[in-house]
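Read the structure below first, then the notes.
Numbering (the working numbering), first residue to last: 1 to 329.
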């Protein structure tokens, strides 16, 4: 009970900023998740946060984020794979893998931090903020890297809402179906995919949504691969090995809710309730992350992070467009 009271002030602060982010998101073309980080940045760097808030801020950033990721699994229905052909699924898997791998190559070329670059690759390649949040502890990224990655990935995705319809429909003159495949295979967040896809046509929006859902499904195996990869680094004893291979509880929850959704064990209104809880928990957690980021770090690394993220996003668009023109025209 004493521990709960100890975290209340900080959690309340994060909840307040999260609520404000949700209100502001209705009036600006930026998602509440990104706004929560921005508000956290402003408050954390403008005011001196009293020590009594720090425990709750840490709790929000760590535990509420884990809850949000676990509940996110309820949005993933593996049966959606049956709605796409094998060729399209292979293209989605290929472009996602190459996008993530290319982030490490670009990091080496530009002398950029590999962990931050990997977060950018994961955010661009899979599902934006959710992918970054779900993998940040696995790759060992700090709050500054997480905040920068989420903010920049969402910024590029917002630009992509206007850029991708132009590229697919006017520049490349793709069919409605292929335009949907391109939009769904490149934009970062579901909301961005919906906005861009349905701005072209109903058919494009529906195709884009299905492709995007498949990309989100790939978050699950990617998490397991990352756990395996990073668990093999700096292992010195058998105890280190046991700890490294201990799958985080949020991953277990993520898979559990995915299975529940796939087998239809929840009613639609229950799925929507859990999804809403996940979304709100993620917003509150992002407020906590924003409060822990220092402006001087952003000023120092922001321009380079934006450059790397733009290169990754541009490469992803070019690769997806090329594959569609070659194999799906």
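The beta carbon of each residue, even a glycine, is placed where N, CA and C say it ideally should be.
Small disclaimer: the values here were computed from a predicted structure and weren't measured.
| Query | Result |
| --- | --- |
| Proximity below 8 Å, CB of residue 103 to CB of residue 117 | yes |
| Rounded separation between residue 28 and residue 34 - CA only | 11 Å |
| Three-way DSSP call (helix, strand, coil) for residue 28 in this model | coil |
| Other residues of its chain near residue 99: CB distance less than 8 Å, five sequence neighbours each side excluded | 121, 124, 125, 312, 315, 316, 319 |
| Residue 264 classed as buried or exposed, judged by whether at least 16 other C-beta atoms fall within 10 angstroms | exposed |
| Cβ neighbour criterion (16 or more within 10 Å) applied to residue 48 | exposed |
| Through-space distance from residue 187 to residue 321, alpha-carbon basis | 13 Å |
| Proximity below 8 Å, CB of residue 150 to CB of residue 132 | yes |
| Helix, strand or coil at residue 49 [DSSP, three-state] | coil |
| Buried or exposed by the 16-neighbour rule on C-beta atoms within 10 Å, applied to residue 44 | buried |
| Any 3 or more C-beta pairs closer than 8 Å across the segment 72 to 86 and the segment 300 to 310 | no |
| Integer-rounded CB distance, given that residue 293 should sit under 8 Å from residue 147 | 4 Å |
| Buried/exposed call for residue 59, threshold 16 Cβ in 10 Å | buried |
| Residue 241 in three-state terms, based on DSSP | Only weak support is given to the placement of residue 241: the predicted model assigns it a pLDDT of 45, under 50, and the value that follows is read from those uncertain coordinates. Correct three-state label for residue 241: helix. |
| Same chain, Cβ closer than 8 Å to residue 192, neighbours up to 5 away in sequence not counted | 128, 157, 158, 160, 161 |
| Same chain, Cβ closer than 7 Å to residue 20, five either side skipped, listed in chain order | 39 |
| Segment limits, alpha helix (DSSP H) that includes residue 293 | From DSSP, residue 293 is part of no alpha helix (DSSP H); its letter is neither H nor E. |
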